[in-house]
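J.: Okay, handing you the structure first.
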Amino acid sequence: MSELEYGPVEFVLVGFSGEAPDPGVVDAVRELVADGAVRIIDAILLTRNLDGDIETIEIEDASAAYGLEEADLDLSGLAADEDIEYFAESLEPGTSAELLVVELLWAKKLASRLAASGGAVLASERIPAPIVNEVVALARAE
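Residue numbering for the sequence shown follows this note's numbering, starting at 12 and increasing by one per position.
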């Protein structure tokens, strides 16, 4: 079997107050892309105005303004309307978020090798960084 064209993909919703992400967040995403850890294959800016209405902007239409000018948005539109609606539900009025569709490039080779050998990932669960850090701090304090 040949190498898979794409590795595992995750939706990541990055929230912030106001209408644009903090420059530090933009820089962090740029670094991950530049380092080859991830590829951003779709991105949508979601804003819930004070009336509760959701506005969306496909980032490919304004990629430089959101730090994604180097992103490979060749699958722009991969996030379906249903996905966008699902993630938009969590936004409070007056807040915004970037919905990133992120390919985990570090896992692509593993996924290809598993597929070639008849293996499969049976489970995967992400533990948020604040929880990991809290548990480690508690363990070190004992």
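Don't be surprised by glycine CBs; every beta carbon is placed ideally from N, CA and C. All of these numbers come straight from a predicted model, not from anything done at the bench.
1) Kindly list the residues whose CB is nearer than 6 angstroms to the CB of G105, restricted to its own chain and excluding five residues on each side of it in sequence; keep chain order.
2) Select from L24, P19 and I55 the residue whose C-alpha is nearest the C-alpha of A134.
3) So what does S28 bridge to, in DSSP terms?
4) Counting only the same chain and skipping the five closest in sequence on each side, list residues whose C-beta sits under 6 angstroms from that of V23.
5) Would you mind stating whether E109 and L56 have Cβ atoms separated by less than 8 angstroms?
6) Would you report the Cα separation of V132 and P32, rounded to the nearest angstrom?
7) Can you check whether the CB of L89 is closer than 8 angstroms to the CB of I52?
8) Who does R59 pair with in a DSSP beta bridge?
9) Looking at C-alpha atoms only, which residue of D46, E145 and T58 is the closest neighbour of E30?
10) Can you grab the Cα-Cα spacing for the pair S28 / I70, in whole Å?
T.: In short, the structure shows the following:
1) Taken in chain order, the residues that qualify are L61.
2) With respect to the C-alpha of A134, the residue from L24, P19 and I55 having the closest C-alpha is P19.
3) For S28, DSSP records a beta bridge to T106.
4) L111 and V113.
5) Result yes, Cβ atoms of E109 and L56 sit closer than 8 angstroms.
6) P32 has its alpha-carbon roughly 33 angstroms from the corresponding atom of V132.
7) Taking the C-beta atoms as reference points, L89 is found nearer than 8 angstroms to I52.
8) Paired residue(s): I65 and T106.
9) Closest by alpha carbon: T58.
10) Distance between the alpha carbons of S28 and I70: 18 angstroms.
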